[in-house]
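Asker: One structure is given below, represented as structure tokens, and several questions about it will come after.
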Amino acid sequence: MNDLVNRKIPDGPGKEVQVQRIFSEIAPRYDLLNHLLSLNIDKIWRKKAIRALEWERKNTGRYLDSCAGTFDLGLELVRQNAFAGLVVSSDFALPMLKRGLHKITSEIFPVCGDALCMPFPPGTFDGAMVGFGIRNLADLEAGFGDLARVLRPGARLVILEFSVPPNWILRKLYHFYFHNVLPIVGRILSGHAWAYTYLPESVRDFPDPQELGKKLLKAGFKEVTWRFITGGVVTIHVAVR
Ligand SMILES: C[S@@+](CC[C@H](N)C(=O)[O-])C[C@H]1O[C@@H](n2cnc3c(N)ncnc32)[C@H](O)[C@@H]1O
Numbered sequence: 001m002n003d004l005v006n007r008k009i010p011d012g013p014g015k016e017v018q019v020q021r022i023f024s025e026i027a028p029r030y031d032l033l034n035h036l037l038s039l040n041i042d043k044i045w046r047k048k049a050i051r052a053l054e055w056e057r058k059n060t061g062r063y064l065d066s067c068a069g070t071f072d073l074g075l076e077l078v079r080q081n082a083f084a085g086l087v088v089s090s091d092f093a094l095p096m097l098k099r100g101l102h103k104i105t106s107e108i109f110p111v112c113g114d115a116l117c118m119p120f121p122p123g124t125f126d127g128a129m130v131g132f133g134i135r136n137l138a139d140l141e142a143g144f145g146d147l148a149r150v151l152r153p154g155a156r157l158v159i160l161e162f163s164v165p166p167n168w169i170l171r172k173l174y175h176f177y178f179h180n181v182l183p184i185v186g187r188i189l190s191g192h193a194w195a196y197t198y199l200p201e202s203v204r205d206f207p208d209p210q211e212l213g214k215k216l217l218k219a220g221f222k223e224v225t226w227r228f229i230t231g232g233v234v235t236i237h238v239a240v241r
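Using the numbering used here, read the sequence shown as starting at 1 and increasing by one per residue.
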């Protein structure tokens with residue numbers, strides 16, 4: 001049991017299997033824990049991410065929600081009044097998609113697939129978003145490469161991801177919450193021994209916004225920007241294909 005609680009997931013092919021397993025296992029409680037552990041602020045984060053997508057430039061377009069989970073980010077887009085396009089919501093954990101199916105509308109098309117080799121031709125999408133998923137990829141470069149491939153030139157990519165607050169007081173509070181409160185509440189409510197230990201560890205091991213920006217540029221994106229929200233607990237990255 002302790003072995004499981006302290007489990008680390010290194011990058012590489014094994015990570016794919018582990019991540020797929022975690023999300024498949026916590027799927028029944030994912031939405032509840034998401035809203036509870038973020039004190040419902042996750043809804044505000046998603047709204048801000050959709051604003052950053054600038055979908056109004058092509059409101060009839062085709063948009064990708066990669067690592068879509070239970071569809072919340074895609075749903076936020078299709079709820080926008082002037083939106084008249086469609087969203088392809090892709091995830092490799094089938095139980096996550098199944099869990100969210102009851103929420104979706106006819107503008108959302110679920111696809112079960114791997115973000116590292118997506119089943120779409122080049123230039124398919126007018127924009128893409130990844131909410132709290134990019135950190136889970138076993139090979140970040142390959143993930144960015146495939147996102148660049150499926151976006152048409154000029155399309156925007158928005159990444160919403162946890163980060164570490166720059167302010168030291170906030171950082172201390174954040175570390176206390178992330179490493180002491182969240183794993184315990186997560187374990188009790190999800191019934192999963194180590195999924196919510198993996199979460200803070202994966203945030204800690206994830207590249208900072210500057211590093212991530214460099215990787216996006218290397219993958220062929222331009223106009224790479226990022227901004228902290230909620231004091232840097234979360235970062236919104238924007239890049240143009
Ligand atoms: C933290 S959840 C985020 C779900 C959703 N985007 C949200 O905002 O709540 C991360 C999701 O990424 C998915 N994921 C991780 N790696 C993936 C990959 N290589 N291909 C497809 N989905 C992946 C997981 O299955 C999981 O559903």
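Cβ coordinates follow ideal geometry from the N, Cα and C atoms, glycine included. Predicted model, so just to flag it, every value in this text is computed and none were measured.
Which residue wins for smallest C-alpha separation from Asp42, given the options Glu76, Arg187, Cys67, Pro119?
Answerer: As a first step, residue 42 is located in the sequence shown; it is residue number 42 there, counting from the start. For Asp42, the nearest C-alpha among the options comes from Glu76.
Asker: DSSP has Cys112 in a bridge; who is on the other side?
Answerer: Translated into the one-based positions of the sequence shown, residue 112 becomes position 112. DSSP output for Cys112 lists Asp91 as bridge partner(s).
Asker: Rounded to whole angstroms, what's the CA-CA distance from Ala68 to Ile134? Just pull it up for me.
Answerer: What you label residue 68 is simply residue 68 of the sequence shown in a count that begins at 1. What you label residue 134 is simply residue 134 of the sequence shown in a count that begins at 1. So the alpha carbons of these two residues sit roughly 11 Å apart.
Asker: So for Met1, helix, strand or coil by DSSP?
Answerer: As a working note, residue 1 is residue 1 in the sequence shown. With a pLDDT of only 32 at Met1, under 50, the local geometry of the prediction cannot be trusted, and no value is derived from it.
Asker: To the nearest angstrom, how far is the alpha carbon of Ala82 from that of Gly14?
Answerer: The count along the sequence shown starts at 1 and reaches residue 82 at position 82. The count along the sequence shown starts at 1 and reaches residue 14 at position 14. Roughly 42 Å between the two C-alpha positions.
Asker: Use the C-beta contact count for Gln20: other C-beta atoms within 10 angstroms, 16 or more gives buried, fewer gives exposed.
Answerer: Numbered from 1 along the sequence shown, position 20 holds the residue referred to as residue 20. Answer is buried; the Cβ neighbour count reaches 16.
Asker: Is the beta carbon of Val234 sitting closer than 9 Å to the one on Ser163?
Answerer: What you label residue 234 is simply residue 234 of the sequence shown in a count that begins at 1. What you label residue 163 is simply residue 163 of the sequence shown in a count that begins at 1. Result yes, Cβ atoms of Val234 and Ser163 sit closer than 9 Å.
Asker: Nearest-angstrom Cα distance between Met1 and Ala49?
Answerer: As a working mapping, residue 1 is identified with position 1 in the sequence shown. As a working mapping, residue 49 is identified with position 49 in the sequence shown. Its pLDDT being 32, under 50, Met1 is placed unreliably in this model, and the value from its coordinates should be taken loosely. Cα to Cα, Met1 sits roughly 37 Å from Ala49.
Asker: Can you tell me whether DSSP reads Glu141 as helix, strand or coil?
Answerer: Numbered from 1 along the sequence shown, position 141 holds the residue referred to as residue 141. Correct three-state label for Glu141: helix.
Asker: Three or more beta-carbon pairs under 8 Å between the stretch 143 to 161 and the stretch 50 to 63, yes or no?
Answerer: Yes: at least three Cβ pairs fall under 8 Å.
Asker: Under three-state DSSP, which class holds Leu39?
Answerer: Within the sequence shown, numbered from 1, the residue matching residue 39 stands at position 39. The answer is coil: DSSP assigns Leu39 none of H, G, I, E or B.
Asker: Give me, in chain order, the residues of the same chain whose beta-carbon lies closer than 8 Å to that of Phe125; leave out the 5 immediate sequence neighbours on both sides.
Answerer: For the purposes of this step, residue 125 is taken as the residue at position 125 of the sequence shown. Result list for Phe125: Gly61, Arg62, Tyr63, Leu64, Val88, Val150, Leu151, Arg152, Ala155, in chain order.
Asker: When you compare the CB positions of Thr70 and Gly100, do they come within less than 9 Å of one another, or not?
Answerer: One-based indexing of the sequence shown puts residue 70 at position 70. One-based indexing of the sequence shown puts residue 100 at position 100. In this structure, Gly100 lies closer than 9 Å to Thr70 by Cβ.
Asker: When burial is assigned at 16 or more other CB atoms within 10 Å of the CB, is Ser106 buried or exposed?
Answerer: For the purposes of this step, residue 106 is identified with residue 106 of the sequence shown, where counting begins at 1. Exposed, because fewer than 16 other Cβ atoms sit within 10 Å of the Cβ of Ser106.
Asker: What residue range does the alpha helix (DSSP H) around Lys177 cover?
Answerer: As a first step, residue 177 is located in the sequence shown; it is residue number 177 there, counting from the start. The identity of residue 177 in the sequence shown is Tyr, whereas the question assumes Lys. Per DSSP, Tyr177 belongs to no alpha helix (DSSP H) and is neither H nor E.
Asker: Would the beta-carbon of Leu160 be found less than 8 Å away from any heavy atom of ligand 1?
Answerer: Here the question's residue 160 lines up with position 160 in the sequence shown. Yes, the beta carbon of Leu160 sits closer than 8 Å to at least one heavy atom of ligand 1.
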